[in-house]
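Visitor: Numbering (our numbering), first residue to last: 1 to 204.
For every residue, glycine included, the Cβ atom is placed at its ideal position computed from N, Cα and C.
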Ligand SMILES: C[S@@+](CC[C@H](N)C(=O)[O-])C[C@H]1O[C@@H](n2cnc3c(N)ncnc32)[C@H](O)[C@@H]1O
């Protein structure tokens, strides 16, 4: 059993809403276009698929990616229950890690609380893949962790000081960049100091 499986089982028991950053991005797009039916999107580190389902409900064609292969079947069940128009299910799952990420050109990349779990040695190539695959005007929405985060001692995770966030977002117009620090339990009930960047940005 992979280490993320328990996390996903826990999460399935909670009442969950789509992420603030994805909501923000969808509202932004809907102000410009009334329908998002022709949009293609990736949900990176999709977990149990809350954001995936929200994008599908908004008419997008979504590829969900996660290192945990067990989430694919769980999301598939929920996608079937969505009863998309004409039974045309515009969804696929790929078991893939950030360390070996490969993406087709796309208009939206959502990565909610997931990219910090990319190993530091691979983050640069992962971010390069994300940036290159976004079309001009395409949107990145998601989170990165800051240098004051309690998990910063974990050598398998990636953290960014504020200056690096600005560097990463070169070539983007920033629509939302909120930096937040707060104390809240993590999903296993351990207290934790969080240092989070909430990001929504469109590629030039
Ligand atoms: C904190 S969860 C967030 C899940 C989901 N995006 C959400 O907001 O509910 C992090 C997700 O990233 C996935 N993940 C962790 N390390 C990964 C890696 N190296 N490559 C791809 N996915 C990874 C986990 O399996 C998990 O689904």
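Near ligand 1, which residues have their beta-carbon less than 5 Å from any of its heavy atoms, given in chain order?
Guide: Taken from the N-terminal end onward, the list reads 4, 45, 47, 66, 67, 68, 97, 98, 112, 113, 114 and 117.
Visitor: Give me the Cα-Cα distance between residue 122 and residue 82, rounded to the nearest whole angstrom.
Guide: For residue 122 and residue 82, the distance between alpha carbons rounds to 35 Å.
Visitor: Does the structure place the region 92-107 close enough to the region 130-138 that three or more beta carbon pairs sit under 8 Å?
Guide: With the cut-off at 8 Å, the region 130-138 and the region 92-107 touch.
Visitor: Rounded to whole angstroms, what's the CA-CA distance from residue 42 to residue 68? Just pull it up for me.
Guide: Rounded to the nearest angstrom, the two C-alpha atoms are 16 Å apart.
Visitor: Secondary structure at residue 43, three-state DSSP: helix, strand or coil?
Guide: DSSP places residue 43 in strand when its eight states are reduced to three.
Visitor: Counting along the chain, where does the beta strand (DSSP E) carrying residue 131 start and finish?
Guide: Segment 120-133 is the alpha helix (DSSP H) holding residue 131; no beta strand (DSSP E) there.
Visitor: Which residue's Cα is closest to the Cα of residue 128: 137, 25, 171 and 180?
Guide: Minimum Cα distance to residue 128 is reached at 171.
Visitor: Within 8 Å, do at least three Cβ pairs link the region 65-80 to the region 137-147?
Guide: Short answer: they don't touch.
Visitor: For residue 176, which option in 53, 110, 141 and 56 has the closest C-alpha, if you only look at C-alpha atoms?
Guide: Among 53, 110, 141 and 56, the Cα nearest to that of residue 176 is on 141.
Visitor: Quick one: give me the first and last residue of the alpha helix (DSSP H) that residue 149 is part of.
Guide: Neither: residue 149 is in no alpha helix (DSSP H) and is coded neither H nor E.
Visitor: By alpha-carbon positions, which one of 150, 34, 179 and 162 ends up nearest to residue 190?
Guide: Cα-wise, what sits closest to residue 190 is 150.
Visitor: Taking the beta carbon of residue 29 as the centre, do at least 16 other beta carbons fall within 10 Å, making it buried, or is it exposed?
Guide: Buried.
Visitor: For residue 163, write down the residues that DSSP places opposite it in a beta bridge.
Guide: Per DSSP, none; premise fails for residue 163.
Visitor: According to the neighbour-count rule (16 or more other Cβ atoms, all chains shown, within 10 Å of its Cβ), is residue 108 buried or exposed?
Guide: The residue is buried, with at least 16 neighbouring Cβ atoms inside 10 Å.
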